[in-house]
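Number of protein chains: 4
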Amino acid sequence: MRKAPRQARSRVTVEAIVEAGARILSEHGWAEFTTNKVAEAAGVSVGSLYQYFPDKLSLIEAIRRRHLDDCLAIMRRSGEGQKSVERFVDDLVRDMFAAHSLNPGLHRVLLDEAPSFDATRDPHSAFEAEYIGHYAAAVEAYRASAEGASNRVMAMILSDVMDGVIHNAARRGMLGSVELKQELVRLLCTYLAASDR
Amino acid sequence: MRKAPRQARSRVTVEAIVEAGARILSEHGWAEFTTNKVAEAAGVSVGSLYQYFPDKLSLIEAIRRRHLDDCLAIMRRSGEGQKSVERFVDDLVRDMFAAHSLNPGLHRVLLDEAPSFDATRDPHSAFEAEYIGHYAAAVEAYRASAEGASNRVMAMILSDVMDGVIHNAARRGMLGSVELKQELVRLLCTYLAASDR
Amino acid sequence: MRKAPRQARSRVTVEAIVEAGARILSEHGWAEFTTNKVAEAAGVSVGSLYQYFPDKLSLIEAIRRRHLDDCLAIMRRSGEGQKSVERFVDDLVRDMFAAHSLNPGLHRVLLDEAPSFDATRDPHSAFEAEYIGHYAAAVEAYRASAEGASNRVMAMILSDVMDGVIHNAARRGMLGSVELKQELVRLLCTYLAASDR
Amino acid sequence: MRKAPRQARSRVTVEAIVEAGARILSEHGWAEFTTNKVAEAAGVSVGSLYQYFPDKLSLIEAIRRRHLDDCLAIMRRSGEGQKSVERFVDDLVRDMFAAHSLNPGLHRVLLDEAPSFDATRDPHSAFEAEYIGHYAAAVEAYRASAEGASNRVMAMILSDVMDGVIHNAARRGMLGSVELKQELVRLLCTYLAASDR
DNA sequence: AATGAATGAGACTTCATTCAT
DNA sequence: CATGAATGAAGTCTCATTCAT
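If you're matching them up, the sequences are chains A, B, C and D in order. Residue numbers 1 to 197, in full-length UniProt numbering, belong to the letters of the first sequence in order. Residue numbers 1 to 197, in full-length UniProt numbering, belong to the letters of the second sequence in order. Residue numbers 1 to 197, in full-length UniProt numbering, belong to the letters of the third sequence in order. Residue numbers 1 to 197, in full-length UniProt numbering, belong to the letters of the fourth sequence in order.
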């Protein structure tokens with residue numbers, strides 16, 4: 001961001017812009033995400049938008065950061081406390097599906113369509129590291145067998161499975177399907193708890 | 001396509017255009033996929049591109065169709081013959097990783113970034129139906145337990161898992177990782193072969 | 001128009017664009033009427049043109065509307081007051097020739113060359129109706145004989161005669177010819193005042 | 001034309017091209033009149049079109065020349081023989097309306113839309129000269145009064161009146177209206193026969 | 001001669017960004 | 001600080017014309 005908002009009024013403006021941007025991205029996709037439209041939707045002038053964001057990219061980054069922070073919060077919460085595998089997986093799936101049900105399109109657009117200068121999407125970004133880290137911790141805590149790959153690779157697989165199922169469920173309008181969620185839970189539990197064969 | 005190429009020369013041109021388009025899409029993403037750049041990369045003029053494709057969208061469709069046909073061919077081949085679960089899963093993972101190793105970014109861009117007029121991305125498209133159908137046949141053949149979801153939902157999950165893992169492996173440059181592939185194989189076998197608990 | 005100009009500055013811009021468009025149309029015809037050339041002639045950028053006119057067609061409509069409004073104003077004025085036939089016809093011919101002398105080619109281009117979305121050129125448009133209406137009122141007031149066609153058909157003929165003579169006079173560069181104007185007056189008076197034969 | 005067609009086959013080809021061009025111009029207007037479409041409609045390749053016409057303009061000129069020759073033929077015929085004013089005017093109006101009823105759009109497009117390098121539309125062209133000449137001869141033969149303008153100006157007015165009424169009748173779909181034709185005849189007779197007042 | 005594939009200048013239009021008010 | 005008018009590079013697409021086969 002070009003300028004940190006000092007006054008309360010500015011903070012409200014910035015918030016309105018980010019909010020409007022997220023809504024447009026979610027509802028109309030990357031193609032309609034133009035600085036002029038975002039400004040109009042936020043009820044401010046383009047000039048004001050450029051007061052706080054030096055260019056379009058920095059605005060996406062702000063929106064992306066906010067969204068990914070929400071996702072990380074879910075991950076953090078899911079790892080808290082002592083739970084059984086079943087309980088852990090069940091909570092995680094429920095919360096992730098819920099998080100993506102709010103703005104089904106946003107996640108996909110942010111991760112796949114929107115370009116990115118900084119390395120949020122970089123495999124070595126802080127976000128990715130923490131994200132995979134949470135899964136790795138769960139693997140550490142719950143894996144039943146020494147067989148198979150390293151904790152880190154298992155964590156990646158888990159992350160990718162979650163991502164793939166949610167992503168495609170959103171595409172099919174199946175984010176609300178109980179059967180799908182239950183089956184995903186079963187898959188994850190089976191995988192984590194698999195004893196040696 | 002606007003016009004079927006009659007002479008040998010034009011068939012070469014069309015092929016060059018589709019090929020160049022796929023390469024740009026894969027290496028530089030949707031943002032750089034401009035009709036002028038594709039034409040230049042193909043070594044022809046924009047005019048030639050528009051001789052065969054009425055607009056930009058129809059060019060993507062052609063590229064997409066070619067890629068998805070390749071994927072379907074793999075699926076079809078993988079289901080042939082009598083194999084053990086392990087053999088089936090192993091072949092499938094190997095072929096799918098191989099198919100995506102040629103143009104690692106193409107799949108993602110085609111499925112997520114590039115807009116689409118026709119319904120290739122529609123959950124009810126013929127492509128999706130056949131694709132899921134192949135997985136459903138495998139489930140039918142190999143599932144070890146009656147527990148869990150319907151064949152159709154299991155097929156979706158399998159498809160989404162494969163998609164998610166490959167998609168993210170491409171992003172991380174890990175399409176060549178043997179450990180990852182082995183672990184994916186283990187996950188899929190475990191899932192399919194899971195006996196009642 | 002896409003956007004109503006709020007500030008004084010923008011009203012000037014819009015005016016300059018319409019003015020430049022009319023001049024190009026009149027002097028160089030439809031073929032040279034490109035958005036870039038109009039913008040340049042108006043001393044603004046293409047972007048500004050598209051800020052106020054959603055597309056090329058809407059710009060022509062604006063130019064057309066302005067021109068036709070001028071014509072209608074002349075018709076309205078000519079019908080006012082109590083005059084002799086001679087006086088009425090004389091005034092009308094003088095004013096019409098004068099109106100077309102500013103941009104001699106404009107009328108022709110607008111009516112014949114330039115495409116039209118809305119129905120300005122529709123035989124049943126409001127413009128046509130009012131235009132013919134004025135002539136019909138004049139026929140009503142001045143026709144000397146019951147012989148001949150209905151008032152409405154006479155009005156059409158009068159309108160077409162005026163149109164044809166001015167159109168071709170513009171083409172021949174004869175809009176200033178006194179002899180031509182006098183002769184047209186004579187024709188119209190003779191026609192209106194013709195007693196039974 | 002680039003090349004005079006020597007063989008019979010060539011003459012047929014040229015004729016087909018001119019014919020197809022006239023049809024497209026009449027039915028679809030100037031905007032659809034592209035060399036590729038004309039060639040296709042004529043059943044030949046673009047290359048063949050350019051064999052006989054060096055460029056697009058020369059093709060229009062050929063079409064225009066053919067159409068104007070038809071018009072002149074009507075004028076010539078109408079002036080033949082000894083007739084009363086009424087008979088002369090009646091024949092002329094009938095034939096002119098008939099000539100324009102075949103391809104109502106062609107005349108307008110050729111005279112107003114289509115650009116022209118050579119001076120067919122030039123006020124001093126041979127066509128214009130002969131055209132006005134025919135009217136001047138009629139004025140010479142039939143004018144009843146010395147009052148009014150020169151024969152030449154009267155001829156212009158007559159020509160313009162005919163042009164204006166037919167042009168607008170075509171636009172209104174009234175080329176078949178008997179009332180309109182009768183009224184035009186009445187106007188022209190009145191004008192020519194007007195005795196001193 | 002004929003064919004039709006290929007060319008590329010140029011037209012229309014969008015949108016990120018700047019700057020006078 | 002805010003506004004919104006203005007800018008212009010860049011993208012999509014068309015079509016007159018050429019030329020290898």
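Every residue gets a Cβ at the ideal spot worked out from N, C-alpha and C, and that includes glycine.
*Beta-carbon separation of Leu192(B) and Val93(B) under 8 Å?*
For the purposes of this step, residue 192(B) is identified with residue 192 of the second sequence, where counting begins at 1. For the purposes of this step, residue 93(B) is identified with residue 93 of the second sequence, where counting begins at 1. Their beta carbons are not under 8 Å apart, which means Leu192(B) does not touch Val93(B) by this criterion.
_Member of Leu57(B), Arg6(B), Val14(B) whose CA lies at the smallest distance from the CA of Ala39(B)_ = Your numbering for residue 39(B) matches position 39 in the second sequence. Of the candidates Leu57(B), Arg6(B), Val14(B), the one whose C-alpha sits nearest the C-alpha of Ala39(B) is Val14(B).
*For Ala22(D), I'd like the list of residues in its chain whose CB is within less than 8 Å of its CB, leaving aside the five on either flank, ordered along the chain.*
As a working note, residue 22(D) is residue 22 in the fourth sequence. Correct list, in chain order: Ile63, Arg66, His67, Asn103, Leu106.
_Interfacial residues, the segment 151-166 of chain C to chain D, with Cβ spacing under 8 Å_ = Val153, Met154, Met156, Ile157, Ser159, Asp160, Val161, Met162, Asp163, Gly164, Val165
*Classify Glu27(A) as buried or exposed, calling it buried when 16 or more other Cβ atoms lie within 10 Å of its own Cβ.*
If you number the first sequence from 1, residue 27(A) lands on position 27. The residue is exposed, with fewer than 16 neighbouring Cβ atoms inside 10 Å.
*Using CA coordinates, which residue listed in Asp95(A), Pro115(A), Ser78(A), Gly79(A) is at the minimum distance from Leu59(A)?*
Reading the first sequence from its first residue, position 59 is the one you call residue 59(A). Of the listed residues, the one whose Cα sits closest to Leu59(A) is Pro115(A).
*Excluding the five sequence neighbours on either side, which residues of its own chain have a C-beta within less than 6 Å of the C-beta of Asp91(C), listed in chain order?*
In the third sequence, counting from the first residue as 1, residue 91(C) sits at position 91. Correct list, in chain order: Ser78.
*What are the start and end residues of the alpha helix (DSSP H) that includes Lys181(C)?*
The residue given as residue 181(C) occupies position 181 in the third sequence. That run of the alpha helix (DSSP H) goes 178-193.
_Amino acids of chain C, ordered along the chain, whose beta-carbon sits closer than 7 Å to that of Gly148(D)_ = What you label residue 148(D) is simply residue 148 of the fourth sequence in a count that begins at 1. Those within 7 Å of Gly148(D) in chain C are Glu183, Arg186.
_Classify Asp69(A): buried if its beta carbon has 16 or more other beta carbons within 10 angstroms, exposed otherwise._
As a position in the first sequence, residue 69(A) is number 69, starting the count at 1. Looking at its Cβ environment, which holds fewer than 16 other Cβ atoms inside 10 Å, Asp69(A) is exposed.
*With 16 as the cutoff for other CB atoms within 10 Å, does Met154(C) come out buried or exposed?*
Walking along the third sequence from the start, residue 154(C) turns up at place 154. Answer is buried; the Cβ neighbour count reaches 16.
*Touch check for the segment 133-146 of chain A and the segment 46-58 of chain A: three-plus C-beta pairs under 8 Å?*
no
*Below 6 Å CB to CB, which residues in the same chain sit around Gly176(A) once its five sequence neighbours on both sides are set aside?*
Within the first sequence, the letter at position 176 stands for residue 176(A). Answer for Gly176(A): no residue qualifies.
*asked:* Less than 8 Å between the beta carbons of Met75(C) and Ile166(C), yes or no?
replied: As a first step, residue 75(C) is located in the third sequence; it is residue number 75 there, counting from the start. As a first step, residue 166(C) is located in the third sequence; it is residue number 166 there, counting from the start. No.
*If we cut at 8 Å on Cβ distances, does Thr190(D) have a partner in chain C?*
Here residue 190(D) refers to the residue found at position 190 of the fourth sequence. It does; some Cβ of chain C falls within 8 Å.
*In three-state terms, what does DSSP make of Lys3(C)?*
If you number the third sequence from 1, residue 3(C) lands on position 3. Coil, per DSSP.
*Can you tell which of Glu19(A), Asn151(A), Gln82(A), Asn168(A) has the C-alpha that lies nearest to the C-alpha of His100(A)?*
If you number the first sequence from 1, residue 100(A) lands on position 100. Here the closest residue by C-alpha is Asn168(A).
*Helix, strand or coil at Ser10(B) according to DSSP, with G and I counted as helix*: If you number the second sequence from 1, residue 10(B) lands on position 10. Reduced to three states, the DSSP call for Ser10(B) is helix.
*Residues of chain C with CB under 8 Å from Asp90(D), in chain order?*
Along the fourth sequence, read from residue 1 onward, the residue named residue 90(D) stands at position 90. Near Asp90(D) there are no residues of chain C at all, since even the closest Cβ is about 15 Å away, more than 8 Å.
*Between the Cα of Arg9(D) and those of Leu25(D), Val44(D), Gly29(D), spot the shortest distance and give me the residue it belongs to.*
On the fourth sequence, residue 9(D) is found 9 positions in, with the first residue counted as 1. Taking only the C-alpha atoms, the option nearest Arg9(D) is Val44(D).
_Considering Cα atoms alone, identify which of Ala16(A), Gly29(A), Leu111(A), Ile24(A) is closest to Cys71(A)._
Position 71 of the first sequence, counted from the first residue, corresponds to residue 71(A). Checked all of Ala16(A), Gly29(A), Leu111(A), Ile24(A); the closest Cα to Cys71(A) is Leu111(A).
*Arg108(C) versus chain D: which residues are under 9 Å apart at the beta carbon?*
Here residue 108(C) is taken as the residue at index 108 of the third sequence, counted from 1. Ordered by position in chain D, the residues that pass the 9 Å Cβ test against Arg108(C) are Asp112.
*Would you give the residue range spanned by the alpha helix (DSSP H) that Ser78(B) belongs to?*
The residue given as residue 78(B) occupies position 78 in the second sequence. Run containing Ser78(B): 56-79, per the alpha helix (DSSP H) assignment.
*By DSSP, does Thr35(B) sit in helix, in strand, or in coil?*
Residue numbering aside, residue 35(B) sits at position 35 when the second sequence is read from its first letter. Correct three-state label for Thr35(B): helix.
*From Arg152(C) to Glu32(A), what distance separates their C-alpha atoms?*
Along the third sequence, read from residue 1 onward, the residue named residue 152(C) stands at position 152. Along the first sequence, read from residue 1 onward, the residue named residue 32(A) stands at position 32. Each residue's alpha carbon lies about 53 Å from the other.
*Sort Glu179(D), Gln182(D), Val109(D), Leu188(D) by Cα distance to Tyr135(D) and report the nearest one.*
Taking the first residue of the fourth sequence as position 1, residue 135(D) is located at position 135. Checking every option, the nearest Cα to that of Tyr135(D) belongs to Leu188(D).
_Just checking: is the beta-carbon of Glu179(C) within a distance shorter than 8 Å of some beta-carbon in chain D?_
Here residue 179(C) corresponds to residue number 179 of the third sequence, with the count starting at 1. Closer than 8 Å to some Cβ of chain D, the Cβ of Glu179(C) qualifies, so yes.
_Quick check: the Cα distance between Pro54(A) and Thr34(B), rounded to an integer number of angstroms?_
Along the first sequence, read from residue 1 onward, the residue named residue 54(A) stands at position 54. Along the second sequence, read from residue 1 onward, the residue named residue 34(B) stands at position 34. So the two alpha carbons sit approximately 26 Å from each other.
_For a quick check, are the C-beta atoms of Val161(B) and Gly133(A) less than 8 Å apart?_
Start at 1 with the first residue of the second sequence, and residue 161(B) comes out as number 161. Start at 1 with the first residue of the first sequence, and residue 133(A) comes out as number 133. Going by C-beta atoms, Val161(B) is not nearer than 8 Å to Gly133(A).
*Answer yes or no: does any C-beta atom of chain D fall closer than 8 Å to that of Ala144(C)?*
The count along the third sequence starts at 1 and reaches residue 144(C) at position 144. No, Ala144(C) lies away from the interface with chain D (no Cβ there is under 8 Å from its Cβ).
*asked:* According to DSSP, is Asn103(D) part of a helix, a strand, or is it coil?
replied: Position 103 of the fourth sequence, counted from the start, is the residue given in the question as residue 103(D). Note: Asn103(D) maps to coil in three-state DSSP.
*asked:* I'd like to know if Ala119(B) contacts chain A, where contact means its C-beta is closer than 8 Å to some C-beta of that chain.
replied: The sequence position of residue 119(B) within the second sequence is 119, counting from 1. Unreliable placement is indicated for Ala119(B), whose pLDDT of 46 sits below 50; no coordinate value is reported for it.
*Flag Met75(B) as yes when its Cβ comes closer than 7 Å to any non-hydrogen atom of the ligand NAP, and as no otherwise.*
No copy of the ligand NAP occurs in the structure displayed, which carries no ligand at all.
_Proximity of Ala4(B) and Ala20(B) at Cβ, strictly below 8 Å_ = Here the question's residue 4(B) lines up with position 4 in the second sequence. Here the question's residue 20(B) lines up with position 20 in the second sequence. No.
*Using the rule of at least 16 other Cβ atoms within 10 Å of the residue's Cβ for burial, across every protein chain shown, is Met1(B) buried or exposed?*
For the purposes of this step, residue 1(B) is identified with residue 1 of the second sequence, where counting begins at 1. Counting Cβ neighbours within 10 Å, Met1(B) comes out exposed, since fewer than 16 surround it.
*asked:* Does chain B have any CB closer than 8 Å to the CB of Ala136(A)?
replied: Within the first sequence, numbered from 1, the residue matching residue 136(A) stands at position 136. Not closer than 8 Å to any Cβ of chain B, the Cβ of Ala136(A) fails to qualify, so no.
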